[in-house]
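Taking it in order: structure first as structure tokens, then the write-up.
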Amino acid sequence: MEWREFLGSIISNTSERDRIATEIGVHSVTLSRWVSGESSPRPHNMRQLLRAMPKPQRNQLQSLLEKVSSDVSDVDIDTSEQEIPYKFIMEVLDARASIPDLLRFWSITRLVLQQALRQLDPERVGMAITVVRCMPPRDGKIRSLRESVGLGTPPWGGDLEEKALLLGAESLAGHVTVSCRLEQIGDLQSNKTFLPAYQSEHEVSAVACPIMHACRVAGCLLLSSTQLDYFAPEARLSLVRGYTNLVSLAFTPNDFYDPELIALHIMPPPNLQQSFFNGFRQRVLRRMQNSASSESRIASTDAEQLEWLQIEESLLNLPPEPSHAQV
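According to the UniProt record's numbering, the sequence shown holds residues 1 to 327 in order.
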């Protein structure tokens, strides 16, 4: 028996076909095309297919697939990977209890993002994860969000913080922060829903989850993938929610705001923002040096925040551009 025939016998059950398709993030019609031979799954899809298989059929399907592809010969189909390891959760809690206040945000977010990348993109097909946080209120209202700590696997760079931007109502992150509800877009190129989003380079699908505490919001965790419908499986969305909750431990209570205070503006697109960030590190250093000669000495995090506020003010005062097209 060939693997296509075996898969066909499994998905002849319509409910099982739909479950498997949802689990691996493809359309049910795609499964039928694999069975008929109209198309073949990519190595990544083959591995996802095995992980979605019911236990009784996994080994047999893997044996059949190994006859036509070496990419599945060493697949680990342990379903425990669908949950955040308990040992790691304890590691984050220990960090929360022991790390000094000044280092807590950076240390915990880096720790969580590194583990999230390992678990959500184990085959390194390409993912970016960024912590997006609210800028301080202006006249009592929050006008924009800023990308903060970010990590990625190729084709994204390892550290994304140097490419951080300000986001507003035009972005998926902005929409999720305002609504306080997780949203995912399976195909940014053909997205026709109400969700606004700029599509960055390499980005094919995306998901954002609000960072919440006591019904208040601090921003969101934003994830992008090079793969179509990568965040469609419910198991993957559950991991996104879990890692977002862990990221929330990096924030202080004062970092969370009543959703009624979120009144985001439309921020300029990345190409227009970039010039305002040129020399950012030099300006931060200059602020610190100037403060060193006075009694009001400021830390690097405070100097960075002041620079972000200056950039936000400049961007908010720019005239609106007709090129702010939405995806």
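Heads up, the beta-carbon is just placed ideally off N, CA and C, and yes, glycines get one too.
All values reported here derive from a predicted model rather than from experimental measurement.
In this structure, Ala232 lies away from Gly8, with their beta-carbon atoms at least 9 Å apart. Residue state for Gln184 is assigned as strand, using DSSP reduced to three classes. Contact check for Arg146 and Trp3: beta-carbon distance about 48 Å, past the 8 Å limit, so the pair fails to qualify. Counting the other CB atoms within 10 Å of its CB gives Gln274 a total below 16, which places it among the exposed residues.
Rounded to whole angstroms, the gap between the alpha carbons of Gly186 and Glu313 is 34 Å. Secondary structure note for Arg110: its alpha helix (DSSP H) is the uninterrupted segment 101-120. At the C-beta level, Val92 and Ile211 stay beyond 9 Å of one another. Considering only Leu272, Ile89, Tyr257, the residue with the shortest C-alpha distance to Arg138 is Tyr257. Remark: three or more beta-carbon pairs, one from each stretch, lie closer than 8 Å, so the stretch 219-234 and the stretch 112-132 are flagged as touching. Burial state of Val68 is exposed, judged by a 10 Å Cβ sphere holding fewer than 16 other Cβ atoms. Our two residues, Leu103 and Asp302, have alpha carbons roughly 13 Å apart in a direct line. Put simply, the backbone Cα of Asn245 is about 40 Å away from that of Ser294. Nearest to Leu50 by alpha-carbon distance, out of His175, Gly174, Phe6, is Phe6.
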